[in-house]
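Have a look at the structure below, then the notes.
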Amino acid sequence: MDIVNSYIVEYLLNVTPERDEILEDMEQYALARNFPVIGPLVGRLLYALAKATQAERILELGSGFGYSAYWFAKALGKNGEVICTEGNPDNAEHAQVYFHRGKIANKVKFLVGDALKLIDEVDGQFDIIFNDIDKHQYPKAFRKAVPRLRKGGLLISDNVLWSGRILDRRPDADTAGILTYNRLIYSSKELFTTIIPLRDGVSISIKL
């Protein structure tokens, strides 16, 4: 199921300013390998949120080969930092190529391993935590992430509408994880949450 009408998506992509060639190269790399990335429309949203909150410290749970991290890093000031977590060392290595090309390698720290374990190994609080790990793990990500956000910080998650599979009568493990996660973020007294039906659904939760 397309969450957003394909003609609307085409319009938005056409009206959006051109991206730098590195982002376009990353998109082509993802397309050729059927590797899921957030894409330019959600990328611009992440950039805007990082700018609006004047974020200086961002943690990603699930970074792939660094597409979303690239958008975040470009939004940060000279002392900002994005900490990436990724289970596949090949993706981490490939990400460094793009980061160096974009002259943002000094803003990005890449940790390889289980994101839900690595978060415990990183000190301090974060302005933004971006969650894009395996969907059945989203409820665990919620419990790990919320205590690590500063007040006013953002917990952002991708794929929360899951191509409409949230409407399935017999959800699989990933869909069930997203359904539970969505209930958690909306019912939490620590958060104010909204879901934006952009691409595959993006949730934005502000820590109160």
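Each residue of the sequence shown is one higher than the last, beginning at 20 in this note's numbering. Cβ coordinates follow ideal geometry from the N, Cα and C atoms, glycine included. A quick note: this is a predicted structure, and the numbers were derived from the prediction, not measured.
- With 16 or more other Cβ atoms inside 10 Å of its own Cβ, Thr194 counts as buried.
- Taking 7 Å as the cut-off, the Cβ atoms of Asn110 and Gly132 do not count as close.
- When the alpha-carbon of Pro158 is set against those of Gly106, Ala88, Leu198, the nearest one is in Leu198.
- Leu217 and Val141 have their C-alpha atoms spaced approximately 31 Å apart.
- Annotation note: the region 37-87 contains the following uninterrupted beta strand (DSSP E) runs of length 3 or greater, listed N- to C-terminal: 76-80.
- Taking 3 residues as the minimum length, the beta strand (DSSP E) runs contained wholly in the region 115-175 are 127-131, 145-150, in order along the chain.
- Of the candidates Gln47, Leu60, Met20, Met45, the residue whose Cα lies closest to the Cα of Pro36 is Leu60.
- Taking the CA atoms as reference points, Ala92 sits about 22 Å from Asp139.
- Looking only at Ser25, Leu78, Pro108, the smallest Cα-Cα distance to Gly172 is reached by Leu78.
- Residue range 192-206 is occupied by the alpha helix (DSSP H) that includes Leu198.
- The C-alpha of Leu32 lies about 37 Å from the C-alpha of Gly143.
- In the DSSP assignment, Ile27 falls within the alpha helix (DSSP H) that extends over 25-34.
- Here Val101 is buried, its C-beta having at least 16 other C-beta atoms within 10 Å.
- In terms of Cβ geometry, Ser222 and Ser182 do not form a close pair [threshold 7 Å].
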